[in-house]
Amino acid sequence: RASASLIPHEPSLLFTVAGMVPFMPYFLGEEVPPTRRMVTIQKCVRAGGKHNDLDDIGRTNRHFTFFEMMGNFSFGDYFKAEAIPWAWEFVTEVLGLEREKLWVTVHVSDDEAAEIWQSSVGVPPERIQRLDKDNWWAAGDVGPCGPCSEIFYDLGPELGDGGGPAHGGEDRFVEIWNLVFMQFDQPRPGERVPLPKPSVDTGMGLERITALMQGTNDNYAIDALRTLIEASADRSGTDPDGEHAVAHRVIADHVRASSFLIADGVLPSNEGRGYVLRRIMRRAMRHAHIMGAEDPLLWKLVATLVAGMGAAFPELARAEALITETLRHEEARFKEMLERGLRLLADETARLGAGEKLPGEVAFRLYDTYGFPLDLTEDVLRGEGRGVDSAGFEAAMERQRAEARKSWAGSGQTAEDELWFDLRERVGATEFLGYTTLAADAVVAGLVSGGKSVDRVEAGNEVSIVVNQTPFYAEAGGQTGDRGTLEGEDGTAVEIADTRYCADDLIVHVGTVKSGAVALDDVLEMRVDAARRSGLRAHHSATHLLHSALRRQLGAHVTQKGSLVAPDRLRFDISHHALIERDALAGIERAVNRQIRANTEVATRLMTPDEAIGSGAMALFGEKYGDEVRVVTMGEDAGEPWSVELCGGTHVARTGDIGAFKIVAESAVAAGVRRIEAVAGDAAIAHFTGQEDLLMRAATALKTSPAQLPERIEALIEERRRLERELSETRRKLATGAQGSEPEPAKKIDGIAFAGRRVDGVPAKELRGMADDLKKQIGSGVVALVAVGGGKASLVVGVTDDLTDRFDAVALVREGAAALGGKGGGGRPDMAQAGGPDAGAAEKALESIEQALSAGAG
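Be aware that the sequence shown starts at 473, since it is given in this note's numbering, and climbs by one per residue.
Structure below.
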């Protein structure tokens, strides 16, 4: 079997961490395996959660973030008596490893395995060692588990103490083979029950055995890694084995892990898998920075990786453009963050005394906000002769972990209710007829109501119905589930509000019994809402044309990251790191509509996944495809198909059936992910009609034609601005008497001129200009203006320059603000502004300022 995705269907795991993970349903007896024996070379990532080797990468010869696990699997077929001799035969006779350098370990409780190794294989008892925790395997806190039996190779005394793997050093005794005997299921921590069919998971790390066969004790010296290390050294202009040797090893491993994760649909983000990916990428980028790489480095290594591994993993080659673009964008972004972080670090250390440690909270903020790992901060500070409060850093980190544990709700698919699995076992999969018909007769095979499996449901009750065959499409691939009706000859009627999948391939119709009663074995006529399905078909086909247009316009890095296909709209998320400009959107829209007008046939073919991908079909790697897939082809460009995709959805017969297409919005939904919202078919026509109606209403209101509407609006805006300027000028003249009327004379308070005015209806923003005019008019003195509007009051106080050494406008305005029920106020000694909610106290505010002025003058 080909390697499964790095994104597991097992909900308790972030990533596929071992070769057996894709086969958990077989080990648990939830699904029947297609064959009782399988062989895979499974790509794995261990970089988060329980299985986390991240901090050891590059510092040891054997740890990787990404690695390949060769595995043989027995699903209730052979067991210990066969697996143990076969393992010995393979490593000694096929690989030719020396028997005298091999050691064996078994679990302390596994007498059976120990006996087979000694009696059937002939391993001396002194070379069989019993271990406890190291020889018990479990995929997680729950799931299959059992004892292990491992084979170790002795690399020689120069690498450590003897005594076998139980006593010697890990560098000397290297585990090369692991036999996991799946004997138990752990439904919850601390509880184990025997599996109905004991099975075997055999694992051999490809990198480890390759190193052994290539005559090295360093896994990073094997061809696959050495090629990347030398490419890193060449691109950075450094020695691959010099002072930056660890950095090159980290970069080589992390480029592999990052590239494979991106190929399987993970993009860098601030949570979940995307957070782990970003952390892996930034560790590599940090090492590139330490080496002195001025320009982004990681993306330049993708071509080397694809050349070496693309043939074995075609998804890597298909995603090369996306991987390259993502790495280049993230590294450029990281360099910017690095510069900001270094400035912050410099600011913080400037406040510290000589030799004083950097507070742990600051170090954590650098890590959490700017992506600085603790060791990068320590590297920077080491040159200044100071360290970091690592205990404070760990305390802050633990607080974050605690919060993350609270919010983490698992990953992947949620476990299906046992009820649906039981029903699936009893009635089998539902046959879907909806590609060719919207109506069919079907037999009721299962009923669920009130959370229970029942035989009959009366009118007025909600019900979930399973039938032997259905024209109703269940929600999948972004397309929402069908709605419609089920009717029986006796007057029974069920209104279906949704259709969804349960227990993998069981189609469940969710609705309400409107009349009569529905019972097991009833024959019902099923009718899909034809108008709604028509809208779904148009929008789903439009997403295919849109996807192709986006890739052609923006680049091959664009891939689908999510979609919604509804009867009245579509939503399409893509991998892209920048705003899609208006001109580009217009070009994309034109390209889609050209394909619609061409009215070419939409063809569907059934193929194997390999045949489909080989023919150029776009696939979402990580999706669970069966032995047979539907390939949908539509459109044409220079004699070649415009769009070829793997898709199980429903589509139009010809592109012209879509009718029309219109993009209505473009936005960002996450880092590196953009969202297109659009309408097609009748929904597009409704959108055009609605926009035209708005246009006509606006033109009618402004007594012009739609064609002249922009010029009319611009003229009105300019006219309004002119009138506002004139009104503002008139208010100022009225307030100061410059309009020809005599202004109210200024009072004299102990020889100081004071001009206090109430100017209702004047916007607060105009008060300062009026105050300046009044100051010029009185020559020397203090002015105060209060304006009332909207139930509130605004206040400005101005002091001429010759008096600012005696009177402070800020202090005076605060006196007035207090009378208005406000607090504070601010400005300069010569001009200050404030306000308050008590509009009725305008005169009182002026009096308060006058009194403060009098007290200050006295």
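Even for Gly, the Cβ is constructed at its ideal location relative to N, Cα and C.
Measure the Cβ-Cβ separation of residue i and residue j and say whether it is below 7 Å.
i       : j       : result
Leu678  : Val727  : no
Ala1356 : Glu1287 : Here the chain comprises residues numbered 473 to 1330, so residue 1356 is not present and cannot be evaluated.
Asp633  : Phe645  : no
Phe562  : Ser671  : no
Lys1264 : Pro1235 : no
Pro557  : Ser592  : yes
Leu794  : Ser731  : no
Ala917  : Val939  : yes
Ala1304 : Gly1293 : no
Gly1253 : Thr1272 : yes
Gly780  : Thr699  : yes
Leu478  : Val511  : no
Arg896  : Ile1046 : no
Ala696  : Ala735  : no
Asp861  : Gly827  : no
Val1231 : Leu1257 : yes
Leu1057 : Ile1130 : no
Val1260 : Ala1311 : yes
Met1352 : Met542  : A query on residue 1352 cannot be resolved here, the shown segment of the chain reaching from 473 to 1330 and no further.
Thr472  : Asn1071 : In the structure as shown, the chain begins at 473 and stops at 1330. Residue 472 is therefore absent and cannot be evaluated.
Thr723  : Ser704  : In the sequence as displayed, the identity of residue 723 is Ile instead of Thr. Against a cut-off of 7 Å, the Cβ pair of Ser704 and Ile723 comes out as a contact.
What number of angstroms, rounded off, separates the C-alpha of residue i from the C-alpha of residue j?
i       : j       : result
Gly1007 : Gly864  : 58 Å
Gly746  : Ala969  : 35 Å
Ser921  : Leu992  : 13 Å
Phe653  : Asp643  : 26 Å
Gly1270 : Leu1167 : 49 Å
Asn544  : Val489  : 16 Å
Cys620  : Met685  : 24 Å
Glu584  : Val966  : 59 Å
Phe806  : Arg754  : 7 Å
Phe487  : Thr902  : 31 Å
Asp962  : Gly900  : 27 Å
Lys924  : Thr942  : 22 Å
Leu816  : Pro480  : 39 Å
Thr682  : Leu910  : 56 Å
Leu1284 : Glu1196 : 30 Å
Glu803  : Pro768  : 6 Å
Glu587  : Gln601  : 12 Å
Asp913  : Phe1133 : 35 Å
Lys1316 : Ala1289 : 10 Å
Val990  : Leu500  : 35 Å
Lys829  : Asp840  : 19 Å
Gly640  : Gly628  : 11 Å
Thr952  : His1011 : 11 Å
Ala1003 : Gly956  : 10 Å
Thr1080 : Pro494  : 20 Å
Met492  : Ala610  : 11 Å
Leu1181 : Leu1174 : 8 Å
Ser475  : Leu749  : 20 Å
Just checking my contact of residue i with residue j at CB under 8 Å: how many whole Å lie between their CB atoms?
i       : j       : result
Val578  : Trp589  : 7 Å
Ala1089 : Val1074 : The pair is not a contact, with the Cβ atoms about 14 Å apart (cut-off 8 Å).
Gly1266 : Ala1291 : Before going on, a small fix: residue 1266 reads as Ser here, not Gly. That belief does not hold up - the Cβ atoms of Ser1266 and Ala1291 are roughly 13 Å apart, past 8 Å.
Tyr973  : Ala948  : 6 Å
Kindly examine the ligand COA and report whether one of its heavy atoms sits closer than 6 Å to the Cβ of residue i.
i       : result
Asp1045 : In the structure shown, the ligand COA is absent, as is every other ligand, since no ligand is present at all.
Open item on the list: Would you call the stretch 1003-1017 in contact with the stretch 1058-1068, where contact means no fewer than 3 C-beta pairs closer than 8 Å?
Closed with: yes
Task: At least 3 beta-carbon pairs within less than 8 Å: the stretch 978-992 vs the stretch 1118-1134 - done: no
Task: Cβ contact check for the stretch 818-831 and the stretch 783-795: 3 or more pairs under 8 Å - done: no
Open item on the list: Closer than 8 Å is the cut-off here; do at least three beta carbon pairs connect the stretch 655-662 with the stretch 612-620?
Closed with: Contact between the stretch 655-662 and the stretch 612-620 is present, because at least three Cβ pairs lie under 8 Å.
TODO: Evaluate the contact criterion for the stretch 1045-1053 versus the stretch 1019-1032: three or more CB pairs, one atom per stretch, below 8 Å.
DONE: yes
TODO: Could you name each continuous alpha helix (DSSP H) segment of 4 residues or more that falls completely within the stretch 600-686, going from the start of the chain to the end?
DONE: 678-685
Task: At least three beta-carbon pairs within less than 8 Å, the stretch 1157-1164 to the stretch 1185-1200 - done: Here the stretch 1157-1164 does not lie against the stretch 1185-1200, with fewer than 3 beta-carbon pairs under 8 Å apart.
Open item on the list: Assess contact between the stretch 715-727 and the stretch 754-765, defined as three or more Cβ pairs (one per stretch) separated by less than 8 Å. Is contact present?
Closed with: When Cβ pairs closer than 8 Å are counted between the two stretches, the stretch 715-727 is seen to touch the stretch 754-765, the count reaching three or more.
- [ ] Any chance you could list the beta strand (DSSP E) runs of at least 3 consecutive residues sitting entirely within the stretch 540-611, in chain order?
- [x] 574-579, 600-603 and 608-610
Open item on the list: Please give the ranges of any beta strand (DSSP E) in the stretch 1107-1175, keeping only runs that are unbroken, at least 3 residues long and fully inside the region.
Closed with: 1112-1118, 1133-1142 and 1145-1152
- [ ] Tell me the start and end of each unbroken beta strand (DSSP E) in the stretch 995-1036 that is at least 3 residues and wholly inside, in chain order.
- [x] Unbroken beta strand (DSSP E) runs of no fewer than 3 residues, entirely contained in the stretch 995-1036, are found at 995-1000, following chain order.
Open item on the list: Threshold first: 3 residues or longer. Then list the beta strand (DSSP E) segments lying entirely within the stretch 1030-1080, N to C.
Closed with: 1032-1037, 1042-1047 and 1075-1079
TODO: Starting from the N-terminal side, write out each stretch of the beta strand (DSSP E) that is 3 residues or longer and does not extend beyond the stretch 1246-1273.
DONE: 1254-1261 and 1264-1271
- [ ] Could I get the ranges of all uninterrupted alpha helix (DSSP H) runs contained in the stretch 777-806, with 4 residues as the minimum, in chain order?
- [x] 786-790
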